[in-house]
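Numbering (our numbering), first residue to last: 1105 to 1411. Cβ coordinates follow ideal geometry from the N, Cα and C atoms, glycine included. Everything on this sheet refers to the single structure shown next.
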Amino acid sequence: GQWGGAMLLVTESAPKDQRGWYGAYAQAGAPVGVILANLAFLGVSASLSEADFMDWGWRLPFIASFVLILISMYVQLKLEDTPAFKALAANQAPKDAVQQTVVKSPVIEVLRRYPKRIVLAAGAFLSIQVTFYILIAFVVAYGVNSPTVTLSRDMMLTAVLVAAAIMVPSQFYFSGLSDRLGRKTVYRWGAILTGLWGFALFPLIDTGQPVLICFAVTMGLVFLGMQYGPQAAFFTELFSTEVRYSGASLGYQLGAIVGGALAPTIAVLLWNNFGIFWVSVYIALAAILTLISLSQLTETQGSDLME
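Put into structure tokens, the structure is as follows:
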């Protein structure tokens, strides 16, 4: 639920014609989190022996993350509701908009009114979730354990770190682009390029060349950012104000469960039983399902969040 809250706070407070750009601030949490995590693991790995790292050292970054939880709680306690929600709560929507009020059971209400839209939003999220966890988790295991080429864990973590650092500004660019070209246009091209890049990803890693490995992972996350950047504004605009938090969050979490939770496990099973090519097929199939879902959703750019 925290993603939905952060996303609504940013996009509902943003100027109408810059909603995509402002939404990228909330979305930056994912790549920035990857950067911090990889820096932590690289630091611990460099400070300990391999045996100590595998025995207990890997737990240290997770324990340290408790500090971030406290910071997050402090920030959330200081936040105010968005102008859109304040107007809704006071039943003071603009005169030319449909008058709305806060509903008592928004989850039930959104499931009653927007069941198809929630499923389609989840489908639109599949490519992002599947590919993201393959790029930040599975590729590290693949590089370290591949029979084709054996790479160090630090090398693979560094490649993901560099890729995530480049993803941040590129994601802002594509989010701003969605304010001009439309959410679906940018999102769609991101899904297409992500699906195609999956077939180049592992051959580039198999070269064993650090520059090519960084390039492979970086382009994967850049293409992913073409989808993830505009997603905040897109999901915000899919639902009306009184159920927006519940609708966007349900679509997001359903897509995360179906797409992201099992992605590394499915990738390992495909690799071990059928070969690495089928992991690329898996990425492509997720992209196809995202494209199908997008085709059934309407363009939302420029929509009035009080309607």
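Practice item. Note down the Cα distance separating GLY1127 from ILE1175, rounded to an integer number of angstroms. Key: For the purposes of this step, residue 1127 is taken as the residue at position 23 of the sequence shown. For the purposes of this step, residue 1175 is taken as the residue at position 71 of the sequence shown. Rounded to whole angstroms, GLY1127 and ILE1175 show a C-alpha spacing of 21 Å.
**Study point:** For ILE1139, the first and last residue of its enclosing alpha helix (DSSP H)
**Key:** Working through the sequence shown from its first residue, we reach residue 1139 at position 35. Note, ILE1139: alpha helix (DSSP H), 1133-1151.
Review point. Looking only at its own chain, which residues have a Cβ that is under 7 Å from the Cβ of ALA1367, when we skip the five neighbours before and after it?
Key: Looking up residue 1367 in the sequence shown gives position 263. For ALA1367, where only same-chain residues beyond five positions count, the Cβ hits under 7 Å are GLN1233, VAL1234, TYR1237, ILE1238.
Exercise for review: Answer with buried or exposed for ASP1121, where buried requires no fewer than 16 other C-beta atoms within 10 angstroms of its C-beta.
Suggested key: In the sequence shown, the residue the question calls residue 1121 occupies position 17. Taking every protein chain shown into account, the CB of ASP1121 has fewer than 16 other CB atoms within 10 angstroms, so this residue is exposed.
Point to revise | Distance between VAL1253 and PHE1378 (C-alpha atoms, nearest Å) | key: As a position in the sequence shown, residue 1378 is number 274, starting the count at 1. As a position in the sequence shown, residue 1253 is number 149, starting the count at 1. Those two C-alpha atoms are separated by around 18 Å.
Check your understanding: Considering only residues of the same chain and omitting the five flanking positions on each side of GLN1400, which have a CB-CB separation below 7 Å?
Key -> For the purposes of this step, residue 1400 is taken as residue 296 along the sequence shown, with counting starting at 1. Here the set comprises LEU1224.
**Study point:** Inter-residue Cα distance where the pair is LEU1319 and ALA1267
**Key:** Numbered from its first residue, the sequence shown carries residue 1319 at position 215. Numbered from its first residue, the sequence shown carries residue 1267 at position 163. A quick correction: the sequence has Phe, not Leu, at residue 1319. Linking PHE1319 to ALA1267 through their CA atoms gives a straight-line distance of about 8 Å.
Exercise for review: Assign LYS1199 to one of three DSSP states: helix, strand, or coil.
Suggested key: Here residue 1199 is taken as the residue at index 95 of the sequence shown, counted from 1. Confidence in LYS1199 is poor, its pLDDT being 48 and thus under 50, which makes the residue's placement too unreliable to answer from.
Practice item. Could you tell me which uninterrupted alpha helix (DSSP H) segments, each at least 4 residues in length, are contained entirely in the segment 1214-1265, listed from first to last along the chain? Key: You should have 1219-1237, 1243-1249.
Check your understanding: Any idea what DSSP makes of GLU1341, helix, strand or coil?
Key -> As a first step, residue 1341 is located in the sequence shown; it is residue number 237 there, counting from the start. DSSP places GLU1341 within a helical segment (H, G or I) once states are collapsed to three.
Exercise for review: Use the C-beta contact count for TYR1246: other C-beta atoms within 10 angstroms, 16 or more gives buried, fewer gives exposed.
Suggested key: For this step, residue 1246 is matched to residue 142 along the sequence shown. TYR1246 comes out buried.
Check your understanding: Taking just the CA atoms, how far does GLN1405 sit from ASP1200?
Key -> Looking up residue 1200 in the sequence shown gives position 96. Looking up residue 1405 in the sequence shown gives position 301. Bear in mind that the predicted position of ASP1200 carries a pLDDT of just 47, short of 50, making it unreliable; the figure below should be weighed with that in mind. Linking ASP1200 to GLN1405 through their CA atoms gives a straight-line distance of about 19 Å.
Review point. In the segment 1266-1326, which residue ranges form an unbroken beta strand (DSSP E) of at least 3 residues, counting only runs that do not cross its ends?
Key: Taking 3 residues as the minimum length, the segment 1266-1326 contains no beta strand (DSSP E) run wholly inside it.
Review point. Helix, strand or coil: how does DSSP classify THR1402 here?
Key: If you number the sequence shown from 1, residue 1402 lands on position 298. In the structure shown, THR1402 sits in coil (DSSP, three-state: anything other than H, G, I, E or B).
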